[in-house]
Amino acid sequence: MKPLILGIGNILLSDEGVGVRAVQALEKRAEISPHFSARYDIVDGGTCGMELLDTLANRDYVVVIDAVLAGKKPGEIVVLKDEQVPVFFSRKISPHQLGLCDVLSALKLTDEYPKNLCLIGIQPDSLEPNIGLTETVEHAMPAVFVRLNRILTEYGLPTLDH
């Protein structure tokens, strides 16, 4: 099974949609580079919860990109791995984040939990109703892809550019 890059979030709430916007950018890149799309499953998880169960089950590598309320400066990136991810999401109040926590818990119970799980979280500047990212978070997007490449390298996987 291919490594999964999963973007989650609500595009109707400004920076809350950063994960979705990131995977949309990756999908455009995949259209240009068939090598990229052949190596990775890129999924827009939106605000899905338990619907992601089959998508996440039995993966060797899962990288989730999402907005996180981590008490950082807007646009700052937080990286969490493995057991840190469900613990972090269990403290969140956003509906899709609770859904992801539930999915991870269910995968743990069915022994289908990802072998390697990583969250790239971006501190939002605004969660107000608005379609589109704030300028601050938009400017952070290149750093998100740099961080993604670093994580893929740590996992021994091909980077986005190769």
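Just so we're aligned: the sequence shown equals residues 21 to 182 in our numbering. C-beta: ideal position from N, C-alpha, C; glycine also. Every value quoted in this text rests on a predicted model; they were computed, and no experiment measured them.
| Item | Value |
| --- | --- |
| Boundaries (first-last residue) of the beta strand (DSSP E) holding N136 | N136 to I142 |
| Beta-carbon gap between E47 and I31 smaller than 8 Å | no |
| Distance, T130 Cα to I97 Cα | 31 Å |
| Proximity below 8 Å, CB of G95 to CB of V157 | yes |
| When H159, N78, G91 and I140 are compared against L124, the one with the closest alpha-carbon | N78 |
| C-alpha distance - V84 paired with L147, whole-angstrom precision | 19 Å |
| Closest Cα partner of I142 within the set R170, E174 and L100 | L100 |
| Per-residue DSSP class, three states only, for N150 | strand |
| C-alpha distance - I113 paired with L89, whole-angstrom precision | Model confidence at I113 stands at a pLDDT of 43, short of 50, so the residue's coordinates are unreliable; what they give is reported in the following sentence. Rounded to whole angstroms, I113 to L89 spans 10 Å at the Cα level. |
| Buried/exposed call for T173, threshold 16 Cβ in 10 Å | exposed |
| Under the three-state DSSP convention, the category K92 falls into | coil |
| Chain-order list of residues whose beta-carbon lies under 6 Å from that of D35 (same chain, five-residue window excluded) | A87, P144, D145, S146, L153, T154 and V157 |
| Residue burial classification, I140 (beta-carbon count within 10 angstroms, cutoff 16) | buried |
| Beta-carbon spacing of Y175, Y60 below 8 Å | no |
| For L24: DSSP bridge partner residues | D61 and V82 |
| Proximity to G29 [Cα-Cα], best of M21, P23, G39 and K22 | G39 |
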